[in-house]
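Participant: Residue numbers (my numbering), protein chains in the order written: chain R, 5 to 236; chain Y, 5 to 236. Cβ atoms here follow ideal geometry from the backbone N, Cα and C, with glycine treated the same way. Note that the coordinates shown come from a computational prediction; the quantities given were computed from them, not determined experimentally.
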DNA sequence: GTATCATTCAAACGATTGTTTGAAACGAAT
DNA sequence: ATTCGTTTCAAACAATCGTTTGAATGATAC
């Protein structure tokens, strides 16, 4: 075929990736069998091992396909803000926007699989499997230090350790907001409105910023740690 | 033996529960086999099916053993605040303390398995397996409405829907803070200090309150939703 | 001692797992 | 038309899965 120069056509490789991505979200890595994947993709069972080598390698490729792009987009967004700032420290909301805003926009893309992937990614942060965690660590190695440094400069009065914790908290809130859409039904009766993918971002970003800029715990008061008295 | 009256002795049942709890955190439900569980517990393979019936039933009992107590403790804490308030609406920080403070105190208990269990619980919110989700929903059925109502009364100016979202965000931040301790290593080089289990609570509670009370998103602006221009 | 109960044990069950194999089918180049 | 490299296919592989079985063991009551 000649017309598959632009779009390589739904070839076996990407059909497998799509099917695996969706099934991993639905059932998890372990509970998703090769036969489920190849069955959904409409390809032969052996083709996964032929194209990817193993199930582990397939899992990694499922992530690599989109995670590399995502992290580059986050870096690009950060650098754009930094260029505009001309050496001045960024505002916290800009850094949050660069990291989490990009993620949420990807999660809002329900057509090209971005939504599915972000659910999978969020779920994977708590994935016990060690090789997945190691893989994630490698993929994030180029991004995290840049954002850390930007946050340190942006919030010079906040202890760096505290900033890292809050970054971690923000990551958790976002991941659950995307991945744990099912868990939301514990709290509310309704689901996330699929018709308005931007709604989550509009609700989450203020929460993240509010948490990031919350007054520090009473580091002066160190009497009893029963109940935090008042924060604001 | 006569001296095993006070402490019912590490009987088979609870040895299985302990081993399963630890292994589920370490490897997840699917990746943890019956043979791993019985091997660590030092009991016969068939004893799981004898005492619990099936692997599914074992999983549910692992949760039930501690979750029932946890939810009762959360309710007790809430009712204590409500009694003291004499009908007046509670302060947000009191509600957060009742729900999340109790959880964090359980997570700080590294000796009696509370820490292990809370990691497992946090991880399970994103668990795809349907029967676990259904089970969690049932266990939370008595607790969630009470806290929802308390929050609605406490924040009469905030739309109820927004409150539910923020409750969901808080749940996510806490779950990740506990369960995703491994994910923290993506961000920081160090781990949570095991010697100071209360540290997490002191860091997390201000973050949660800051997010809960953050100013609402600019619900007036509704121009284009390409890139959120400015938030603050 | 003997009967009765609950529990433990080694062994095996069928089903399913990820992976491998060797032949068949395909497309492009000679 | 024939060769070559790539891809697909049905079938089988050993390993492991959760579960079941029936006999051995233990403790308790008669």
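Give the residues from the segment 52–63 of chain R that approach chain Y closer than 8 angstroms (Cβ to any Cβ), ordered along the chain.
Facilitator: Listed in sequence order: no entries.
Participant: Taking 9 angstroms as the threshold (beta carbon to beta carbon), is residue 21 of chain Y in contact with chain R?
Facilitator: By one-based count along the second chain, residue 21 of chain Y stands at place 17. Chain R contact via Cβ: absent.
Participant: Round the Cβ separation of residue 99 of chain Y and residue 154 of chain Y to the nearest angstrom and send it over; I've been treating them as touching at under 8 angstroms.
Facilitator: Within the second chain, residue 99 of chain Y is the residue found at index 95, counting from 1. Within the second chain, residue 154 of chain Y is the residue found at index 150, counting from 1. Residue 99 of chain Y to residue 154 of chain Y, Cβ: 5 angstroms. Contact.
Participant: In chain order, what residues of the segment 118–145 of chain Y put their CB closer than 8 angstroms to some CB of chain R?
Facilitator: Those would be 126, 127, 129, 130, 131, 132, 133, 137, 140, 141 and 144, in chain order.
Participant: Just to confirm my understanding: we take residue 228 of chain R, look at its own chain, exclude 5 residues before and 5 after, and list those with CB closer than 6 angstroms. What are they?
Facilitator: Locating residue 228 of chain R in the first chain gives position 224, counting from the first residue. Per-residue confidence for residue 228 of chain R stands at a pLDDT of 41, beneath the threshold of 50, marking its modelled position as unreliable; the derived number appears in the next sentence. Within the same chain, residue 228 of chain R has no close Cβ partners at all.
Participant: Closer than 9 angstroms, Cβ to Cβ, to anything on chain Y: give me those residues from the segment 155–169 of chain R, in chain order.
Facilitator: Listed in sequence order: 165, 166, 168 and 169.
Participant: I want to verify the contact list: residues of chain R whose CB lies under 7 angstroms from the CB of residue 173 of chain Y, in sequence order.
Facilitator: Taking the second chain and counting its residues from 1, one reaches residue 173 of chain Y at position 169. Going along chain R in sequence order, the residues near residue 173 of chain Y (Cβ under 7 angstroms) are 177, 181, 208 and 211.
Participant: By the DSSP assignment, the alpha helix (DSSP H) with residue 172 of chain R in it spans what residues?
Facilitator: Taking the first residue of the first chain as position 1, residue 172 of chain R is located at position 168. Start and end: 164–183.
Participant: I need the boundaries of the alpha helix (DSSP H) containing residue 116 of chain Y, first residue and last residue.
Facilitator: Translated into the one-based positions of the second chain, residue 116 of chain Y becomes position 112. No alpha helix (DSSP H) contains residue 116 of chain Y, which DSSP labels as neither H nor E.
Participant: Along the chain, where does the alpha helix (DSSP H) that runs through residue 30 of chain R open and close?
Facilitator: In the first chain, counting from the first residue as 1, residue 30 of chain R sits at position 26. That run of the alpha helix (DSSP H) goes 16–31.
Participant: In terms of alpha-carbon separation, which member of R:27, R:15 and R:69 lies closest to residue 48 of chain R?
Facilitator: The residue you call residue 48 of chain R lines up with position 44 of the first chain. For residue 48 of chain R, the nearest C-alpha among the options comes from R:15.
Participant: Using a Cβ-Cβ distance cut-off of 9 angstroms, determine whether residue 220 of chain Y contacts chain R.
Facilitator: As a working note, residue 220 of chain Y is residue 216 in the second chain. Chain R, which has a Cβ nearer than 9 angstroms to the Cβ of residue 220 of chain Y, makes this yes.
Participant: What in chain Y is Cβ-close to residue 217 of chain R, meaning under 7 angstroms?
Facilitator: Working through the first chain from its first residue, we reach residue 217 of chain R at position 213. Within 7 angstroms Cβ-Cβ: 214.
Participant: Around the Cβ of residue 25 of chain Y, are there at least 16 other Cβ atoms within 10 angstroms (buried) or fewer (exposed)?
Facilitator: In the second chain, the residue the question calls residue 25 of chain Y occupies position 21. Buried.
Participant: By the three-class DSSP mapping on this structure, what secondary structure does residue 90 of chain R have?
Facilitator: Here residue 90 of chain R corresponds to residue number 86 of the first chain, with the count starting at 1. Coil.
Participant: Do you know whose CA, among R:167, R:136, R:173 and R:87, lies nearest residue 149 of chain R's CA?
Facilitator: Walking along the first chain from the start, residue 149 of chain R turns up at place 145. Cα-wise, what sits closest to residue 149 of chain R is R:167.
Participant: In this structure, how does DSSP classify residue 46 of chain Y when only helix, strand and coil are distinguished?
Facilitator: Translated into the one-based positions of the second chain, residue 46 of chain Y becomes position 42. Here residue 46 of chain Y sits in coil by DSSP.
Participant: Between which residues of its own chain and residue 139 of chain R is the CB-CB distance below 6 angstroms, once the five residues before and five after are set aside?
Facilitator: Stepping through the first chain from its first residue, residue 139 of chain R is reached at position 135. Same-chain partners within the cutoff: 64.
Participant: Pull up the distance between the alpha-carbon of residue 152 of chain Y and that of residue 36 of chain R, whole angstroms please.
Facilitator: As a position in the second chain, residue 152 of chain Y is number 148, starting the count at 1. As a position in the first chain, residue 36 of chain R is number 32, starting the count at 1. Distance between the alpha carbons of residue 152 of chain Y and residue 36 of chain R is about 36 angstroms.
Participant: What did DSSP end up calling residue 68 of chain R once you bin it into helix, strand or coil?
Facilitator: One-based indexing of the first chain puts residue 68 of chain R at position 64. Three-state DSSP puts residue 68 of chain R in a helix.
Participant: Contact between the segment 69–84 of chain Y and the segment 39–46 of chain Y is defined here as three or more beta-carbon pairs at a separation below 8 angstroms; is this criterion met?
Facilitator: Flag = no, the segment 69–84 of chain Y and the segment 39–46 of chain Y do not touch.
Participant: Have a look at Y:39, Y:84, Y:216 and Y:86 and flag the residue whose alpha-carbon is nearest the alpha-carbon of residue 20 of chain Y.
Facilitator: Translated into the one-based positions of the second chain, residue 20 of chain Y becomes position 16. The shortest Cα separation from residue 20 of chain Y among Y:39, Y:84, Y:216 and Y:86 belongs to Y:39.
Participant: With 16 other CB atoms within 10 Å as the buried threshold, where does residue 135 of chain R fall?
Facilitator: Counting from 1 along the first chain, the entry for residue 135 of chain R is found at position 131. Exposed.
Participant: Find the nearest neighbour of residue 18 of chain Y within the set Y:34, Y:33 and Y:68, judged by alpha-carbon distance.
Facilitator: Locating residue 18 of chain Y in the second chain gives position 14, where the first residue counts as 1. The shortest C-alpha separation from residue 18 of chain Y is found at Y:68.
Participant: Quick one: which chain R residues come within Cβ less than 9 angstroms of residue 184 of chain Y?
Facilitator: As a working mapping, residue 184 of chain Y is identified with position 180 in the second chain. Near residue 184 of chain Y (Cβ distances below 9 angstroms), the residues of chain R are 129, 130, 172, 175, 176 and 179.
Participant: Could you compute how far the alpha carbon of residue 131 of chain Y sits from the alpha carbon of residue 32 of chain R?
Facilitator: For this step, residue 131 of chain Y is matched to residue 127 along the second chain. For this step, residue 32 of chain R is matched to residue 28 along the first chain. If I take the Cα positions, the gap works out to 8 angstroms.
Participant: Alpha carbon to alpha carbon, how far is residue 162 of chain R from residue 113 of chain Y?
Facilitator: In the first chain, the residue the question calls residue 162 of chain R occupies position 158. In the second chain, the residue the question calls residue 113 of chain Y occupies position 109. The straight-line gap from Cα to Cα measures roughly 28 angstroms.
Participant: Determine, for residue 116 of chain R, whether the minimum Cβ-Cβ distance to residues of chain Y falls below 9 angstroms.
Facilitator: By 1-based counting over the first chain, the position of residue 116 of chain R is 112. No, because no Cβ of chain Y sits closer than 9 angstroms to the Cβ of residue 116 of chain R.
Participant: Please report the distance separating the alpha-carbon of residue 221 of chain R from that of residue 124 of chain R.
Facilitator: As a position in the first chain, residue 221 of chain R is number 217, starting the count at 1. As a position in the first chain, residue 124 of chain R is number 120, starting the count at 1. The straight-line gap from Cα to Cα measures roughly 33 angstroms.
Participant: To which residues of the same chain is residue 181 of chain R closer than 7 angstroms at the C-beta, ignoring the five residues directly before and after it?
Facilitator: Here residue 181 of chain R refers to the residue found at position 177 when the first chain is read from its first residue. Here the set comprises 204 and 208.
Participant: Where residue 110 of chain R and residue 218 of chain Y are concerned, what is the direct C-alpha to C-alpha distance, given to the nearest angstrom?
Facilitator: Counted from its first residue, the first chain places residue 110 of chain R at position 106. Counted from its first residue, the second chain places residue 218 of chain Y at position 214. Distance between the alpha carbons of residue 110 of chain R and residue 218 of chain Y: 24 angstroms.
Participant: For the alpha helix (DSSP H) containing residue 208 of chain Y, list its first residue and its last residue.
Facilitator: What you label residue 208 of chain Y is simply residue 204 of the second chain in a count that begins at 1. Taken as a continuous stretch (DSSP letters only), the alpha helix (DSSP H) holding residue 208 of chain Y covers 203–216.
Participant: Would you give the residue range spanned by the alpha helix (DSSP H) that residue 148 of chain Y belongs to?
Facilitator: Sequence index remark: in the second chain, residue 148 of chain Y carries index 144 (1-based). Segment 148–158, the alpha helix (DSSP H) holding residue 148 of chain Y.
Participant: Residues in the same chain with beta-carbon distance under 7 angstroms from residue 97 of chain R, minus the five sequence neighbours each way, listed in chain order, please.
Facilitator: For the purposes of this step, residue 97 of chain R is taken as the residue at position 93 of the first chain. Closer than 7 angstroms at Cβ, skipping near neighbours: 213.
Participant: Quick check on DSSP: helix, strand or coil for residue 221 of chain Y?
Facilitator: As a working mapping, residue 221 of chain Y is identified with position 217 in the second chain. If DSSP states are grouped into helix, strand and coil, residue 221 of chain Y belongs with coil.
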